[in-house]
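*Asks:* Here the sequence shown stands for residues 29 to 582, where the numbers follow my numbering. Even for Gly, the Cβ is constructed at its ideal location relative to N, Cα and C. Just dropping this structure here.
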Amino acid sequence: MLRHAAERLGKLDPGNKSAIAALVLLMQQSPHPSTIWKAASSLMAIDPKNSALPPSLITLIKKLPAHSRNLRKIAEAIIQIDPNYPTLIPTLIAIAQKLPSHFCLLRDAVEVLGKVGEGNETVIDALIRLTEITPEQLLDNDFYFDSSEWLRKLAAESLSKIAVGNEKVIAALIRLIAMAKKPCSPLMYDDTRSYWKAVDALGKIAVRNESAIATLTEIVQTHSDVMIRYVAAASLSKIDLGNKTAISILSQALEELPKQFLERSQTTLENRSLLWLIADCLIETDDYREDAIAALQDTLLKFDNCPDSCACLSSLARIDSTYELAIETVFQLLRSSIVCSALFVSTISPNCIYCLGNYLKDTPKMYLQDNAIAELTKFIQKSWNCENLSNFDYLFSVAAITLQKIDPGNPIVVSTLIRLIEARDPIDLLQHSIKNTSIYSYCNLAEIGASDRIFVDKIVECFEAVLPEENRPFHYLVHRELSLIHLAEMLTQSQLEIPESSLSQLARSLLPYIREPLDENLSHYCDCYDAGYQIVWYCASKMSYSAFYFVWQE
Numbered sequence: 029m030l031r032h033a034a035e036r037l038g039k040l041d042p043g044n045k046s047a048i049a050a051l052v053l054l055m056q057q058s059p060h061p062s063t064i065w066k067a068a069s070s071l072m073a074i075d076p077k078n079s080a081l082p083p084s085l086i087t088l089i090k091k092l093p094a095h096s097r098n099l100r101k102i103a104e105a106i107i108q109i110d111p112n113y114p115t116l117i118p119t120l121i122a123i124a125q126k127l128p129s130h131f132c133l134l135r136d137a138v139e140v141l142g143k144v145g146e147g148n149e150t151v152i153d154a155l156i157r158l159t160e161i162t163p164e165q166l167l168d169n170d171f172y173f174d175s176s177e178w179l180r181k182l183a184a185e186s187l188s189k190i191a192v193g194n195e196k197v198i199a200a201l202i203r204l205i206a207m208a209k210k211p212c213s214p215l216m217y218d219d220t221r222s223y224w225k226a227v228d229a230l231g232k233i234a235v236r237n238e239s240a241i242a243t244l245t246e247i248v249q250t251h252s253d254v255m256i257r258y259v260a261a262a263s264l265s266k267i268d269l270g271n272k273t274a275i276s277i278l279s280q281a282l283e284e285l286p287k288q289f290l291e292r293s294q295t296t297l298e299n300r301s302l303l304w305l306i307a308d309c310l311i312e313t314d315d316y317r318e319d320a321i322a323a324l325q326d327t328l329l330k331f332d333n334c335p336d337s338c339a340c341l342s343s344l345a346r347i348d349s350t351y352e353l354a355i356e357t358v359f360q361l362l363r364s365s366i367v368c369s370a371l372f373v374s375t376i377s378p379n380c381i382y383c384l385g386n387y388l389k390d391t392p393k394m395y396l397q398d399n400a401i402a403e404l405t406k407f408i409q410k411s412w413n414c415e416n417l418s419n420f421d422y423l424f425s426v427a428a429i430t431l432q433k434i435d436p437g438n439p440i441v442v443s444t445l446i447r448l449i450e451a452r453d454p455i456d457l458l459q460h461s462i463k464n465t466s467i468y469s470y471c472n473l474a475e476i477g478a479s480d481r482i483f484v485d486k487i488v489e490c491f492e493a494v495l496p497e498e499n500r501p502f503h504y505l506v507h508r509e510l511s512l513i514h515l516a517e518m519l520t521q522s523q524l525e526i527p528e529s530s531l532s533q534l535a536r537s538l539l540p541y542i543r544e545p546l547d548e549n550l551s552h553y554c555d556c557y558d559a560g561y562q563i564v565w566y567c568a569s570k571m572s573y574s575a576f577y578f579v580w581q582e
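Right, dumping it as structure tokens:
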């Protein structure tokens, strides 16, 4: 509770020395890693450049339990405060070098080192060693899931980001390719992850390197698996521009893969990703540019939820500085969506609409914005007669918010978001992830500034549905943890005008849970406890003093 009070005081009175001092003291003296991290998060909210943060977070990293999943989050916080903080890289290297160890710690260390270790030979040497890690060097390696293989893949991926042209790394990747056991398909989740990642990495860092060219050429010419030959050809085309062997294989793949999808129903996510990779390589060539464009557009238009939709659009945008080609492709996707027997059918993903909004901001062709308003309006109107609307609430939410950004005040936006909210059960709404369901509609409708009575009533209905009954133990509240966290996010990020009577009910239901210190046995439920505290604080800030005092005294 001290942390919450200090954070709120710091927000109400920016720079308040008492609030900052309280959080620094809590962060430096608490023996519990979870409390240190919470105090640091609160301090970052009110004094993000405080000099006490980096050393405390480094100390926290050293105190993390072996099974912790927070290393990456803490390290990224340090990077945000000071990208060049001197002891961060040595601390992460120490974790990466300490074997045997646990998968989660090594995974996070490898991923962060791939962001901050560019050109650092000590980092590169540590990651090279992890490309050769064995199952015996992991204390928690699973019999059914070889975590060491996953770490070798991650190490290769990080090296591809920080060691362009490095001879030692190129040699290590070639060794990793040689040691892989019976590779079969480069994009499947099996024991070939490190193999295809090493092949892919060579295409990013080994430009004009003779050993890498020879290795990839051998794979292209001799490997028994056609999919691996395709990936190797894609990498070869990047490090040896104009390589006739690579272009020949890629052009063949561009022709054969769509036929396989149609004739053999091989429309796996992995094969679609491979088709994008091939088309992305050929789009730069004069002879195959048109075929590559057609392949990228077909991938988007023909397959539901294309996993590389943004990547396909990015490839189209790369060859057209006006973004017209990518924008017109999204228009085609919007038009291809239909309502059949009152059921909505679409191949467009929310990511495509999100990309559309970004391209419209940067295109010099202003008429495309007018066309986008018309296309998005028609697309959104399809939701009005759709019986399975709740299955597509996030998609239509993104469409409505994109329309709001390019045409502020468009009346269809608010009415659509309210319709999306009404299509879901209140409990169902709040139990789901804020990034994937209609809770996105709540936040965005509040962001737009709507004060529609229907919307506010629906909010009230939602939190009334998740409120605990009287005299229930804390673990009952834990069952509603996601609901409370999402409700707290929505309330604290919005400007909603909720009736005081509803706020009183909300505060009255949650106060018994937050008045007492969290039991030590339930400390791992601190997010639930924090969410309850944030909701009560929100109620206090919106209620009159006398009304909240009355609830508090009850």
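Assuming V302 and M255 are in contact, meaning their beta carbons sit under 8 Å apart, how far apart are those beta carbons, in whole angstroms?
*Replies:* The question names Val, yet the displayed sequence has Leu at residue 302. Going by Cβ atoms, the distance from L302 to M255 rounds to 6 Å, so yes, they are a contact pair.
*Asks:* Can you list, in chain order, the residues of its chain whose CB lies under 8 Å from that of S364, leaving out five sequence neighbours each side?
*Replies:* L329, S374, T375 and I376.
*Asks:* Express the C-alpha separation of I205 and G385 in angstroms, rounding to a whole number.
*Replies:* 41 Å
*Asks:* A535 and F576 look like a contact to me (Cβ under 8 Å); what is the Cβ gap, rounded to whole Å?
*Replies:* Rounded to the nearest angstrom, the Cβ distance from A535 to F576 is 7 Å, consistent with a contact under 8 Å.
*Asks:* Closer than 8 Å is the cut-off here; do at least three beta carbon pairs connect the segment 442 to 452 with the segment 407 to 419?
*Replies:* Flag = yes, the segment 442 to 452 and the segment 407 to 419 touch.
*Asks:* On a Cα-Cα basis, can you pick out the residue from E318, Y561 and C567 that is closest to S529?
*Replies:* C567
*Asks:* Rounding to the nearest angstrom, what Cα-Cα distance links M571 and I106 in this structure?
*Replies:* 37 Å
*Asks:* Got a sec? Which residues, its chain only, sit under 7 Å from I109 by beta carbon, not counting five neighbours each side?
*Replies:* P76, K77, L81 and P82
*Asks:* Starting from I366, follow the alpha helix (DSSP H) in both directions and report where the run begins and ends.
*Replies:* Careful: I366 lies outside any alpha helix (DSSP H), inside the beta strand (DSSP E) at I366 to C368.
*Asks:* For T444, which residues of its own chain have a beta-carbon under 6 Å away from its beta-carbon, when the five flanking residues on both sides are left out?
*Replies:* I408 and A428
*Asks:* Cα-Cα, which of P163, K45 and K232 is closest to K189?
*Replies:* K232
*Asks:* Determine the DSSP secondary structure at S129, reduced to helix, strand or coil.
*Replies:* strand
*Asks:* Which residue spans inside the segment 303 to 337 form an unbroken alpha helix (DSSP H) run of at least 4?
*Replies:* 317 to 330
*Asks:* Kindly give me the distance between the Cβ atoms of I401 and I434, rounded to whole angstroms, as I take these residues to be in contact under 8 Å.
*Replies:* Cβ atoms of I401 and I434 come within 8 Å of each other, at about 6 Å.
*Asks:* Taking the alpha carbon of I123 as the reference point, which residue from I355, V140 and W304 has its own alpha carbon closest?
*Replies:* V140
*Asks:* Could you check where the beta strand (DSSP E) with L371 kicks off and where it finishes?
*Replies:* Per DSSP, L371 belongs to the beta strand (DSSP E) from L371 to V373.
*Asks:* Should Y351 go down as buried or exposed, given a rule of 16 or more other Cβ atoms within 10 Å for buried?
*Replies:* Per the 10 Å Cβ criterion, buried.
*Asks:* DSSP has L166 in a bridge; who is on the other side?
*Replies:* S129
*Asks:* With a CB to CB cut of under 6 Å and the five nearest residues on each side skipped, what residues in its chain are close to L127?
*Replies:* Apart from sequence neighbours up to five positions away, the residues of its chain that approach L127 with a beta-carbon distance below 6 Å are Q165, ordered along the chain.
*Asks:* Rounded to whole angstroms, what's the CA-CA distance from A47 to K143? Just pull it up for me.
*Replies:* Approximately 33 Å between the Cα atoms of the pair.
*Asks:* Assign R543 to one of three DSSP states: helix, strand, or coil.
*Replies:* coil
*Asks:* Whole angstroms is fine: what's the gap from L113's alpha carbon to T405's?
*Replies:* According to the sequence as given, residue 113 is Tyr; it is not Leu. Their backbone Cα atoms lie some 49 Å apart in a straight line.
*Asks:* Kindly list the residues whose CB is nearer than 6 Å to the CB of D168, restricted to its own chain and excluding five residues on each side of it in sequence; keep chain order.
*Replies:* H130 and F131
*Asks:* Would a C-beta distance cut-off of 8 Å place G148 and I117 closer than the cut-off?
*Replies:* Here residue 148 turns out to be Asn, not Gly, going by the sequence shown. Contact: yes.
*Asks:* State buried or exposed for T115, treating a residue as buried only when at least 16 other CB atoms are found within 10 Å of its CB.
*Replies:* Label assigned to T115: exposed.
*Asks:* Going by the CB atoms, is the gap between S239 and I202 shorter than 8 Å?
*Replies:* yes
*Asks:* Taking the C-alpha atoms as reference points, what is the distance between A73 and L54?
*Replies:* 15 Å
*Asks:* Quick one: what does DSSP say R236 is sitting in, helix, strand or coil?
*Replies:* Here R236 sits in coil by DSSP.
*Asks:* Considering just the uninterrupted stretch of the alpha helix (DSSP H) at W178, what are its terminal residues?
*Replies:* Per DSSP, W178 belongs to the alpha helix (DSSP H) from S175 to I190.
*Asks:* When the Cα atoms are used, what is the spatial distance from K91 to P436?
*Replies:* 49 Å
*Asks:* Quick one: measure Cβ to Cβ for C309 and S342, integer angstroms, because I've assumed they're closer than 8 Å.
*Replies:* So it is not a contact: roughly 14 Å between Cβ atoms.
*Asks:* Whole angstroms is fine: what's the gap from P540's alpha carbon to I86's?
*Replies:* 36 Å
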